[in-house]
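J.:
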Amino acid sequence: MLFKKRGILSEEDAIKIVEWMSTHPEEKELIVMTEAATPEAKRRLWDYSRAVKLMADMSGKDHEVKVEILEGYVSDRVKGIEL
525 MLFKKRGILS EEDAIKIVEW MSTHPEEKEL IVMTEAATPE AKRRLWDYSR AVKLMADMSG
585 KDHEVKVEIL EGYVSDRVKG IEL
C-alpha cells in the first residue's frame, strides 16, 4: 500500500499508517512517499515490520511486510492514501 504525505512525516503519521496496516493483514508491502521523515517515524515503521515478522515466526507462519520510505518528491500522479 502506498501512503503519501506532503511535508514532514511525523511519528503521529507513522502511528496512523501502522493502525491502518494492522487492519489490513493481507498487505505485504508498505511504501511511504514523503518530502521528509523524522527518525522517530522511520523507527516506528521499521519496528512495525519487525513485529509482524516476529509474530509470524512465533505462530509458524510465513508473513512479512516490506517497508520502503521514499523521501524527496511527492507525485500527484501516483495513487495512494493521502495523510
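Residue numbers (my numbering): 525 to 607. Every residue, glycine too, gets a C-beta built ideally from N, C-alpha and C.
Rounded to a whole number of angstroms, what is the C-alpha to C-alpha distance between Gly644 and Lys577?
T.: In the structure as shown, the chain starts at 525 and stops at 607, and residue 644 therefore has no counterpart that could be examined.
J.: Can you tell me which of Glu551, Pro549, Lys603, Ile593 puts its alpha carbon nearest to the alpha carbon of Glu559?
T.: Ile593
J.: Taking DSSP as the reference, what is the three-state secondary structure of Met525?
T.: DSSP, reduced to helix, strand and coil, places Met525 outside both helices and strands of the structure shown, so it counts as coil.
J.: Which residues mark the beginning and the end of the beta strand (DSSP E) in which Glu595 is found?
T.: 590 to 595
J.: Residues in the same chain with beta-carbon distance under 8 Å from Val661, minus the five sequence neighbours each way, listed in chain order, please.
T.: Outside the shown range of the chain, which is 525 to 607, sits residue 661, and nothing can be said about it.
J.: Tell me the DSSP bridge mates of Thr558?
T.: Lys529, Glu595
J.: Pick out whichever of Ala565, Asp600, Asp586 has its Cα sitting closest to the Cα of Ile532.
T.: Ala565
J.: Quick one: measure Cβ to Cβ for Lys552 and Val591, integer angstroms, because I've assumed they're closer than 8 Å.
T.: 11 Å between Cβ atoms; not a contact.
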